[in-house]
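Report on the following structure.
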Amino acid sequence: MTETTTNPSEKPREAHLDNVGAELDDTGKAGAYESYGLVKSRYDELSIPRTLWVFRRAVLVSLAVYTGYVCEGFELGAGGSIIANAGFIKQFGEGGKGVQALNPTWVSSWSALLNVGQIVTFTHIAWFADKFGRKTSFYLAWIWLVVGCVFLNTAKSPSVWALAKLCNGAGIGVLQITCQVYIMEIVPNRIRGGMVTFQAVWSNIGGIIVAVMMQQLNQKHPDDYLLAMRLLWIPVGLMIIFWVFVPESPWFHARHGNKEKALKAMKQLYGNVEGYDFEEEYGIIERTIEHEREVLQEAPSYVHIFKGVNLKRTLTVMILAISQQIAGLAIISTYSTYFFSLAGLKDPFLCTVILSCCNLLAVLLWSLSTDKLGRRTIINSCETFVCMVLFTVGGLYWTGATKGNEAGGTALLVICCLWTFSFQIVGMSYYLFSAELPSALLRIKTGPFTFLSNSIMGIATCYATPPMLLALSVKAAFVYGAFSVPVCVVMWLYIPETKGRSAAEIDELYERKIPAWRWKDTVTNAEEQMHAVVQVKGQVKEQVHA
């Protein structure tokens with residue numbers, strides 16, 4: 001991925017519209033924006049609190065869509081915790097009438113099949129979502145999760161439990177691809193970062209619920225693991241209730257040339273905004289899509305994500321996808337309870353609850369601040385800190401943390417809290433950039449490929465982590481740290497600042513080959529166009545009183 005350095009002040013002369021406002025007379029103001037191709041919304045000038053209030057209906061729709069992530073948090077949390085439950089071991093363990101234990105091959109397979117299920121959906125979800133829409137894809141995810149929930153509640157053998165993991169992985173895979181894309185397409189640029197990453201809040205709520213539940217379950221009902229599985233029906237039921245009222249993405253209809261349906265969806269999302277110019281905003285969508293079609297010069301396909309500037313966009317997201325797995329996701333999330341039990345902590349379930357609370361705090365702060373403080377510096381700083389923490393955790397082996405040393409065990413827990421806090425921000429950046437960086441036409445096609453790389457790494461780490469923890473204990477963190485350092489260097493070089501940028505601006509910055517570290521201070525042609533229109537039509541903050 002080579003860089004071509006370009007002066008941020010250099011812009012194509014033909015795109016300059018500095019004098020548009022001066023050239024338009026009063027008779028031409030009504031529809032003049034059509035002639036100079038507005039590709040950035042005037043609503044991008046609103047403050048973040050004002051944007052949240054004005055577009056509160058779109059915000060509520062986003063929260064409704066994210067209901068499915070409670071299931072993700074539940075599944076990811078339960079997967080690592082339930083294997084330490086006495087009732088679960090009794091049902092699925094081996095050893096006859098003697099001391100029973102889970103087969104380590106099955107333990108690894110259950111975690112791996114969650115990733116395999118995601119891979120299954122990645123083979124067709126892009127085609128499905130482009131053909132039938134984002135909303136229909138949500139229903140597909142719900143069907144997968146219902147089937148998985150049935151298997152979880154009826155499984156009596158390791159193979160059926162594995163099938164449940166496969167189905168849940170497929171449902172989560174659909175959500176991971178379509179939810180971020182959908183939110184990217186319906187919320188204003190000003191609050192996009194916070195809304196896209198807010199899905200992690202729902203996921204962590206699910207994680208906290210299952211962590212507390214598993215702690216109480218092991219204390220009060222150690223032989224009844226099915227109590228936790230039955231509660232999974234609650235978020236599954238809420239999902240379908242909320243999703244029925246969710247409108248289709250206007251961008252989906254615009255790609256299919258159906259302006260009438262696109263405007264109808266926009267009225268469902270933004271109909272409460274006083275003075276909202278639906279024609280102007282639809283024109284922004286239409287022109288962005290048309291420009292990308294001109295660049296591709298043919299119908300979009302998977303091949304295009306590996307061509308030209310799209311290759312750089314794809315590889316950047318893929319680096320973030322891989323960084324999740326090699327930053328210790330399997331230790332800090334999937335096998336957290338197992339990790340703490342091997343580390344000698346007295347109540348590993350309580351430690352998992354504490355980590356879940358740290359996760360929730362991290363994603364809340366990140367969601368609330370990313371549109372104000374930006375992405376690039378915070379994400380890369382957190383990845384750097386994760387690298388340092390991984391080596392520190394490994395070094396705690398020599399403090400006696402694994403041999404009952406109370407001070408060493410406490411230090412391990414504190415450091416793991418810092419670890420999971422930083423890791424959550426890095427992990428959420430992947431979901432954010434998988435929605436922001438790809439072009440509008442290739443967004444739904446780039447996602448499956450980058451998520452595929454994440455899942456393949458996930459399968460590898462799921463199989464490698466249990467025996468590695470057994471052999472190395474906390475020293476296993478050294479292995480993850482060694483892989484994370486080069487990834488951290490690449491991230492500093494290629495992760496750009498996308499705060500407040502429209503899809504057209506991101507296209508422009510990549511086409512102009514602006515280095516990632518200069519994105520923040522680069523003025524785009526789309527911005528100049530938008531300011532020219534503001535001179536003619538006025539600022540929306542002067543007009544909006546919704």
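Going by this note's numbering, 327 is the number at position 327 of the sequence shown; the sequence numbering is gapless. Even for Gly, the Cβ is constructed at its ideal location relative to N, Cα and C.
Burial state of residue i, where buried means 16 or more other Cβ atoms lie within 10 Å
{"i": "Ala471", "result": "exposed"}
{"i": "Met530", "result": "buried"}
{"i": "Val39", "result": "buried"}
{"i": "Lys372", "result": "exposed"}
{"i": "Asn454", "result": "buried"}
{"i": "Lys165", "result": "buried"}
{"i": "Ile208", "result": "buried"}
{"i": "Gln535", "result": "exposed"}
{"i": "Gly427", "result": "buried"}
{"i": "Ile83", "result": "buried"}
{"i": "Val414", "result": "exposed"}
{"i": "Thr465", "result": "buried"}
{"i": "Gly447", "result": "buried"}
{"i": "Pro49", "result": "exposed"}
{"i": "Val363", "result": "buried"}
{"i": "Ala101", "result": "exposed"}
{"i": "Leu60", "result": "exposed"}
{"i": "Tyr270", "result": "buried"}
{"i": "Glu279", "result": "exposed"}
{"i": "Gly458", "result": "buried"}
{"i": "Val533", "result": "buried"}
{"i": "Val116", "result": "buried"}
Secondary structure of residue i, DSSP reduced to three states
{"i": "Ala101", "result": "strand"}
{"i": "Val295", "result": "helix"}
{"i": "Glu274", "result": "coil"}
{"i": "Leu226", "result": "helix"}
{"i": "Ser301", "result": "coil"}
{"i": "Thr51", "result": "helix"}
{"i": "Tyr36", "result": "Reliability of the predicted coordinates at Tyr36 is poor, the pLDDT of 49 falling under 50, and the value obtained from them is presented with this limitation in mind. The answer is coil: DSSP assigns Tyr36 none of H, G, I, E or B."}
{"i": "Ser439", "result": "coil"}
{"i": "Thr420", "result": "helix"}
{"i": "Gly374", "result": "coil"}
{"i": "Ser109", "result": "helix"}
{"i": "Asn525", "result": "helix"}
{"i": "His256", "result": "coil"}
{"i": "Arg56", "result": "helix"}
{"i": "Gly458", "result": "helix"}
{"i": "Lys445", "result": "helix"}
{"i": "His531", "result": "helix"}
{"i": "Leu329", "result": "helix"}
{"i": "Tyr430", "result": "helix"}
{"i": "Ser367", "result": "helix"}
{"i": "Gly500", "result": "coil"}
{"i": "Thr121", "result": "helix"}
{"i": "Ser381", "result": "helix"}
{"i": "Tyr463", "result": "helix"}
{"i": "Tyr548", "result": "For the chain, the structure presents residues 1 to 546; residue 548 sits outside this window and is missing."}
{"i": "Ser41", "result": "coil"}
{"i": "Leu46", "result": "coil"}
{"i": "Glu23", "result": "Any reading at Glu23 must be qualified, since the residue scores a pLDDT of 40, below 50, and its modelled position is unreliable; the value itself is stated next. Reduced to three states, the DSSP call for Glu23 is helix."}
DSSP bridge partner residues for residue i (one or two, in chain order)
{"i": "Glu248", "result": "Looking at the DSSP assignment, Glu248 forms no beta bridge with any residue, so it has no partner."}
{"i": "Glu94", "result": "Ala101"}
Continuous alpha helix (DSSP H) stretch holding residue i: start and end
{"i": "Ala84", "result": "Premise fails: Ala84 is in no alpha helix (DSSP H) and is neither H nor E."}
{"i": "Glu511", "result": "503-511"}
{"i": "Trp142", "result": "134-154"}
{"i": "Trp548", "result": "The requested residue 548 does not occur in the structure, where the chain is confined to residues 1 to 546."}
{"i": "Val490", "result": "476-494"}
{"i": "Thr316", "result": "308-326"}
{"i": "Asn204", "result": "199-220"}
{"i": "Ala162", "result": "158-186"}
{"i": "Ile234", "result": "233-243"}
Below-7 Å beta-carbon distance, residue i vs any chain B residue
{"i": "Leu102", "result": "Looking at the structure shown, chain B is missing, and only one protein chain is on hand."}
Whole-Å CB distance - residue i paired with residue j, under 8 Å assumed
{"i": "Ile547", "j": "Leu509", "result": "Summary: the structure shown does not reach residue 547, with the chain confined to residues 1 through 546, and so no result is reported for it."}
{"i": "Val389", "j": "Ser422", "result": "7 Å"}
{"i": "Met229", "j": "Asn153", "result": "5 Å"}
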